[in-house]
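Student: Protein chains in written order, with the numbering used here: chain W, -1 to 109; chain Z, 253 to 365.
Below you will find the structure I want to go over with you.
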């Protein structure tokens, strides 16, 4: 059974710092992996989708990497801003297209 | 491009009552998901549709939850009767097909008192 873990559960950093969020999964036979952002009381906003054949994806200040063999993905946020404060969720896709989520990392960027 | 639409945004009901949620996916998206997100946790899949067929409903409490997707477009999720532990945000998502990028709606926050 696939399990997804995100560490740390919460993170507080000063504005301007570069940071890394971690996501690990127990079964390396995943298809794709997607990172989401969730603001309080809101739905999920897609950030990056990494296909199983890719090792990373970049969008603006965000870079996500995927290492299937080690069962890990990281989301790198450069030059963090207070507006980046949110909960970040990773989800892995199994063969049938089912997304299995981690519990999220709550990020707080202090001005 | 219009996103995934859900209604209502909020619902408060008493235990043992029934409730229904509605979802309109992005046009042309064949795959539709319903997720339950309890406060402080990641979303948990309840049911996944491909067009109007069920792909996965292994975690749907079928004694009280039901879902349908008529004509492979809109979907409704129903709870009858509701329990206190059903208090959560119910998220609907859609994608072009199973492994494509998933897009989520704003969710329906259900409080059972």
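Even for Gly, the Cβ is constructed at its ideal location relative to N, Cα and C.
Where does residue 30 of chain W land, buried or exposed, given buried means 16+ other C-beta within 10 angstroms?
Tutor: It counts as buried.
Student: Closer than 7 Å between beta carbons: that is the criterion. Which residues of the stretch 300 to 313 of chain Z meet it against chain W?
Tutor: Under the 7 Å Cβ criterion, the stretch 300 to 313 of chain Z contributes 300, 307, 308.
Student: Drop a sphere of 10 angstroms on the beta-carbon of residue 38 of chain W, count the other beta-carbons inside from all chains shown, and report buried for 16 or more, exposed for fewer.
Tutor: Looking at its Cβ environment, which holds fewer than 16 other Cβ atoms inside 10 Å, residue 38 of chain W is exposed.
Student: Can you tell me whether DSSP reads residue 336 of chain Z as helix, strand or coil?
Tutor: Looking at residue 336 of chain Z - three-state DSSP - the assignment turns out to be helix.
Student: What separation, rounded to the nearest whole angstrom, lies between the Cα atoms of residue 259 of chain Z and residue 338 of chain Z?
Tutor: Residue 259 of chain Z and residue 338 of chain Z: Cα-Cα distance of roughly 17 Å.
Student: Please identify the residue among Z:331, Z:262, Z:261, Z:279 whose C-alpha is closest to the C-alpha of residue 323 of chain Z.
Tutor: Ranking the options by Cα distance to residue 323 of chain Z, first place goes to Z:279.
Student: Using alpha carbons as the reference points, say which of Z:364, Z:336, Z:277, Z:312 lies closest to residue 287 of chain Z.
Tutor: The candidate whose alpha carbon is nearest that of residue 287 of chain Z is Z:312.
Student: Does DSSP put residue 12 of chain W in a helix, a strand or coil?
Tutor: Residue 12 of chain W: strand per DSSP, three-state reduction.
Student: Taking only three categories from DSSP, how would you classify residue 348 of chain Z?
Tutor: If DSSP states are grouped into helix, strand and coil, residue 348 of chain Z belongs with coil.
Student: Mind checking residue 331 of chain Z: buried by the 16 CB within 10 Å criterion, or exposed?
Tutor: Looking at its Cβ environment, which holds 16 or more other Cβ atoms inside 10 Å, residue 331 of chain Z is buried.
Student: Indicate whether at least one CB of chain W lies closer than 8 Å to the CB of residue 288 of chain Z.
Tutor: With 8 Å as the cut-off, residue 288 of chain Z does not count as an interface residue toward chain W.
Student: Could you check whether the stretch 45 to 52 of chain W touches the stretch 281 to 299 of chain Z, counting it as contact only if at least three pairs of C-beta atoms, one from each stretch, sit closer than 8 Å?
Tutor: Counting Cβ pairs under 8 Å, fewer than three are found: no touch.
Student: Residue range of the beta strand (DSSP E) that residue 54 of chain W falls in?
Tutor: Its beta strand (DSSP E) spans residues 54 to 57.
Student: Would you mind working out which of W:16, W:14, W:23, W:10 sits nearest residue 92 of chain W, comparing C-alpha positions?
Tutor: Checked all of W:16, W:14, W:23, W:10; the closest Cα to residue 92 of chain W is W:23.
Student: If I'm right that residue 299 of chain Z touches residue 309 of chain Z with Cβ under 8 Å, what's the distance once you round it to whole angstroms?
Tutor: About 4 Å separates the two Cβ atoms, so the contact holds.
Student: Within 10 angstroms of the Cβ of residue 4 of chain W, are there 16 or more other Cβ atoms? Answer buried if so, exposed if not.
Tutor: Buried, since its Cβ has 16 or more Cβ neighbours within 10 Å.
Student: Nearest chain Z C-beta to residue 23 of chain W closer than 8 Å, yes or no?
Tutor: So, not an interface residue.
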